[in-house]
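Written out below as structure tokens is the structure these notes cover.
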Amino acid sequence: MGIAGSDVSKQAADMILLDDNFASIVTGVEEGRIIFDNLKKSIAYTLTSNIPEITPFLVFILADVPLPLGTITILCIDLGTDMIPAISLAYEEAESDIMKRLPRDPMRDKLVNERLISMAYGQIGMIQAAGGFFVYFVIMAENGFWPRRLLGIRKEWDSEAINDLADSYGQEWVSIATSLI
31 MGIAGSDVSK QAADMILLDD NFASIVTGVE EGRIIFDNLK KSIAYTLTSN IPEITPFLVF
91 ILADVPLPLG TITILCIDLG TDMIPAISLA YEEAESDIMK RLPRDPMRDK LVNERLISMA
151 YGQIGMIQAA GGFFVYFVIM AENGFWPRRL LGIRKEWDSE AINDLADSYG QEWVSIATSL
211 I
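Numbering (our numbering), first residue to last: 31 to 211.
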């Protein structure tokens with residue numbers, strides 16, 4: 031107890047009640063569970079966006095395909111659109127069953143565990159990356175560049191000296207037009 035307790039007992043305790051009310055223990059446990067759950071949601075949201083951002087760079091560099099977005103644009107997207115929702119997840123209301131759950135095992139139930147990593151990177155991240163690749167190749171095909179034609183043209187695509195880059199239909203593109211796609 032915080033008010034009536036001795037200094038030795040306060041130093042040895044895991045939890046100190048400041049108002050000597052046992053109901054504060056329930057409130058403290060509930061707030062701790064809310065914070066833990068909301069941090070886990072924020073981390074899962076942030077980790078999920080990593081795979082769709084890194085796989086295009088790896089694939090496009092290995093396959094020598096033009097990059098859809100530059101690194102500065104990706105950084106702006108991260109700072110402008112990813113941070114605000116991740117922070118807002120930290121302020122979510124508690125689930126209705128938060129106090130009905132058993133206490134978590136600190137050795138088994140960690141903030142970032144194997145299940146969260148596999149869901150964020152292996153499933154959700156890959157689905158988002160596949161959706162991004164699909165949209166990229168559809169837009170490029172609508173503009174005349176079939177996926178097979180895109181392989182190996184990144185240097186020509188980025189070069190301002192080349193003004194006669196031919197698409198899949200034989201139409202020639204100038205360097206300023208390729209930057210608009």
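C-beta atoms are modelled at their ideal positions from N, C-alpha and C, and glycine is treated no differently. Predicted, not measured: the structure shown is a model, and the values here were computed from it.
If I'm right that E122 touches K71 with Cβ under 8 Å, what's the distance once you round it to whole angstroms? Locating residue 122 in the sequence shown gives position 92, counting from the first residue. Locating residue 71 in the sequence shown gives position 41, counting from the first residue. With a Cβ gap of about 7 Å, E122 and K71 count as contacting.
Exercise. Using three-state DSSP, classify E123 as helix, strand or coil.
Key: Reading the sequence shown from its first residue, position 93 is the one you call residue 123. E123: coil per DSSP, three-state reduction.
message: Quick check: the Cα distance between V142 and Y151, rounded to an integer number of angstroms?
response: By 1-based counting over the sequence shown, the position of residue 142 is 112. By 1-based counting over the sequence shown, the position of residue 151 is 121. V142 and Y151 have their alpha carbons spaced roughly 12 Å apart.
* For F234, which residues of its own chain have a beta-carbon under 6 Å away from its beta-carbon, when the five flanking residues on both sides are left out? -> Lying outside 31 to 211, the shown extent of the chain, residue 234 is not represented and no answer is given.
- [ ] For V56, collect the residues of the same chain with a Cβ closer than 8 Å to its Cβ; drop the 5 residues on either side in sequence, then sort them by chain order.
- [x] For the purposes of this step, residue 56 is taken as the residue at position 26 of the sequence shown. Taken in chain order, the residues that qualify are M129.
Task: Host alpha helix (DSSP H) of I91 (start-end) - done: To locate residue 91, count along the sequence shown from 1; it is residue 61. I91 -> alpha helix (DSSP H) spans 80 to 93.
Item to check | Spatial distance of P115 from G161 (CA atoms) | outcome: Within the sequence shown, numbered from 1, the residue matching residue 115 stands at position 85. Within the sequence shown, numbered from 1, the residue matching residue 161 stands at position 131. The straight-line gap from Cα to Cα measures roughly 21 Å.
Which term fits T101, buried or exposed, when burial requires 16 or more other beta carbons within 10 angstroms of its beta carbon?
Position 71 of the sequence shown, counted from the start, is the residue given in the question as residue 101. Exposed: under 16 other Cβ atoms inside 10 Å.
Would DSSP call L180 helix, strand or coil?
Numbered from 1 along the sequence shown, position 150 holds the residue referred to as residue 180. DSSP places L180 in the helix class (H, G or I) of the three-state scheme.
- Task: Report the residue from M149, M113, R134, A53 whose alpha carbon sits nearest the alpha carbon of D67.
- Result: Numbered from 1 along the sequence shown, position 37 holds the residue referred to as residue 67. Taking the Cα of D67 as reference, the smallest distance to any Cα among M149, M113, R134, A53 is reached at R134.
Check your understanding: E83 to I104, Cα distance in whole Å?
Key -> As a first step, residue 83 must be located in the sequence shown, where it is residue number 53. As a first step, residue 104 must be located in the sequence shown, where it is residue number 74. Straight-line Cα distance between these residues: approximately 7 Å.
Only counting the same chain, and skipping five residues up and downstream in sequence, which positions put a Cβ closer than 6 Å to that of S79? On the sequence shown, residue 79 is found 49 positions in, with the first residue counted as 1. Answer for S79: D112, listed in chain order.
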